[in-house]
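Here the structure is laid out as structure tokens; the discussion comes afterwards.
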Amino acid sequence: MSEDLDSNFARVVRLAEAAGLPGVTVGTSYGTPALLVKDKSFVRMKDGDTLVVMCAREEKEMLLELDPRLYFETDHYKGWPAMLVRLSEIDDQSLTGRLVAAWREKAPKRLAATFSERDQPLSPTS
């Protein structure tokens, strides 16, 4: 793996851990590092600066329009419930929010019910 991919994925893992997302494991998806919940990928690295994030289609459309500097898609992801995030542009608090939302998209309902964002920090302390 490239140095950027390694360090950016380490950031993603650190933020997911700090958010206290239950049932998360590190694995791979399409040959790249990924975070999984109950063996379902909810985010994965596309390249050294790009994270593929699962999301509801309605939310995706809104975010793509709201901040194209952070969120984008390629033809491959059009119509799919996933968007691309520029890791070099997104701050930790916003990325944590995207990780939580993506986790909720893929986590089983019972597991999701055990997670309360109110009890979690908005961004991790280093």
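If you use the working numbering, the sequence shown corresponds to residues 22 to 147, in order.
The beta carbon of each residue, even a glycine, is placed where N, CA and C say it ideally should be.
Extent of the continuous beta strand (DSSP E) run through residue i
{"i": "LEU56", "result": "53–58"}
{"i": "ASP70", "result": "Note, ASP70: premise wrong, no beta strand (DSSP E); not H, not E."}
Those residues which DSSP pairs with residue i across a bridge
{"i": "TYR92", "result": "VAL106"}
{"i": "THR46", "result": "LEU57"}
Euclidean distance between Cα positions of residue i and residue j
{"i": "GLU80", "j": "PHE30", "result": "23 angstroms"}
{"i": "ASP96", "j": "VAL73", "result": "13 angstroms"}
{"i": "ALA123", "j": "ALA133", "result": "11 angstroms"}
{"i": "ASP112", "j": "ALA37", "result": "14 angstroms"}
{"i": "THR135", "j": "GLY100", "result": "30 angstroms"}
{"i": "ALA128", "j": "LEU120", "result": "12 angstroms"}
{"i": "LEU108", "j": "ASP70", "result": "5 angstroms"}
{"i": "ALA77", "j": "LEU84", "result": "11 angstroms"}
{"i": "ASP27", "j": "ALA40", "result": "20 angstroms"}
{"i": "PHE93", "j": "GLU110", "result": "12 angstroms"}
{"i": "TYR98", "j": "LEU87", "result": "18 angstroms"}
Residue of the options minimising C-alpha distance to residue i
{"i": "LEU91", "options": "GLU82, TRP101 and VAL106", "result": "VAL106"}
{"i": "THR46", "options": "ALA40, LEU56, MET66 and ALA39", "result": "LEU56"}
{"i": "ARG131", "options": "GLU24, ARG32, GLY44 and ARG35", "result": "GLY44"}
{"i": "LEU116", "options": "ARG35, PHE136 and ASP27", "result": "ARG35"}
{"i": "TYR51", "options": "SER62, VAL58 and LEU42", "result": "SER62"}
Extent of the continuous alpha helix (DSSP H) to which residue i belongs
{"i": "GLY118", "result": "113–127"}
{"i": "PHE30", "result": "24–40"}
{"i": "ALA133", "result": "130–134"}
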